[in-house]
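Scroll down for the structure; my scribbles are underneath it.
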Amino acid sequence: MSLSLPADPPSARSLTGVVPQILASLEGRGEWFPPTRSAIVLLVDGLGRANLTARAGYARFLTGRMTKKDAARTVFPSTTAVALASLLTGETPGTHGLVGYRVRIPGTDLAPNQLKGWETDGLDPLTWQRSIPLLEREAAAGRPCFVVSQPRYAGTGFTAALQRGAEFVGAASIAERVERAADLALRYPGALVYAYVPELDTIAHARGWESDEWAAGLERVDGAARDLDAAIGSHAAAILTADHGIVDVPRHRQVLLREGDPLVEGVNIVGGEPRMLHLYTEEGTADDVLNRWRDAESSRSWVMSRDEAVAAGLFGTSPDPEVLPRIGDVLVAARSAVAYYDDREADKKPQNMIGQHGSLTDQERVVPLVRLGAFG
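Read in order, the letters of the sequence shown correspond to residues 1 to 376 in UniProt numbering.
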């Protein structure tokens, strides 16, 4: 069976290129952005370009500054751990090794959460994430590098895996984070500042991106972006971007995998996340699992083998052999507004989520690149 997947336009910019291009601009040789004295990457978790434009009335500043070409495509799967790893290393998932939300450690039955498994499952931030973080490289070369984020992220394994080398600056509110980022960029010539805003994604998971709460959160982000632009003026530059977009999945669109379901027969671990499953199969059952899922779900999801996904370049052009066993034997990427849950799990709280992401749709993969300050 031939696999038909959505193709990126030849001219599409990748999220992996954002920080390398900003660094090039700091050296006066950028292709995407003009030269600048210092630069800020403002990452708004979950702010897909389609989500932003659909709620333009709540983000008049950002949408007023965004042209049709101010967009990038995030990596696959379109989920935070994978995308932030690609943003902050400049590498594809098949190289840095973070290939999903829950991913099996080869040779074990463990599939740790890639955001929190550093603490709970002993993932080594210096080896499990396999690429040198750009912040570490630049700091070692003498560039002032800073991370401005919520204080709770200081000292975590995920922070060490991707942001080591930079000075961590804790700031509780979005407004405070933007203020601190602007101050650092203005005070330190040549600085690279990474500022992280997780609030919109948190609201989307709980209430959905079409909710009034999400719209109010977007208004706060829009105001903060306006303040950042005003604070740095032409003396520093900033790019506002995101790791992924959001699709709302109501409860009646959830697909619950229960004991005795043929779809879990031969499946040892259901990994990934609700819109992009990594299915790790028992020995010798991968083809049968693939065929059963295709027969049942291909009308609303892309169902593919690991080899097909790798051949299609979904994890990069040349995934490292050490990374390949981390990828599921069978992958299920939702095409319509559905989400898959392993209902055999005792914890049902994840089934309360409304906003979802992880798959290949444009709503999940296309993110904004809004230019602020000297980039504007």
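Virtual Cβ for every residue (Gly too), placed ideally from N, Cα, C.
Chain-order list of residues whose beta-carbon lies under 7 Å from that of residue 226 (same chain, five-residue window excluded):
61
Mark residue 273 as exposed unless 16 or more other C-beta atoms lie within 10 angstroms of its C-beta, in which case mark it buried.
buried
My parser needs the beta strand (DSSP E) runs of 3 or more residues fully inside the region 132–188; what are they?
145–149, 167–170
Tell me whether the region 215–232 and the region 56–70 touch, counting them as touching only if at least three CB pairs, one residue from each stretch, are closer than 8 Å.
yes
Using the three-state DSSP reduction, which class does residue 10 fall into: helix, strand or coil?
coil
Are the region 150–157 and the region 178–185 touching by the rule of at least three beta carbon pairs closer than 8 Å?
no
Alpha-carbon to alpha-carbon, residue 340 and residue 256
6 Å
Could you tell me whether the Cβ atoms of residue 94 and residue 319 are closer together than 8 Å?
yes
Option nearest residue 267 by Cα separation, candidates 159, 147, 354, 342
342
Contact check, residue 302 vs residue 330 under 8 Å by CB: the rounded distance?
Wrong, their Cβ atoms sit about 11 Å apart, outside the cutoff.
Would DSSP call residue 293 helix, strand or coil?
helix
Touching or not, the region 236–251 and the region 309–318, by the rule of three or more beta carbon pairs under 8 Å?
no
What is the rounded straight-line gap between the Cα of residue 338 and the Cα of residue 139?
43 Å
Does the region 7–15 come within contact of the region 198–213, defined as at least 3 CB pairs closer than 8 Å?
no
Inspect the beta-carbon positions of residue 87 and residue 169 and report whether they are closer than 8 Å.
no
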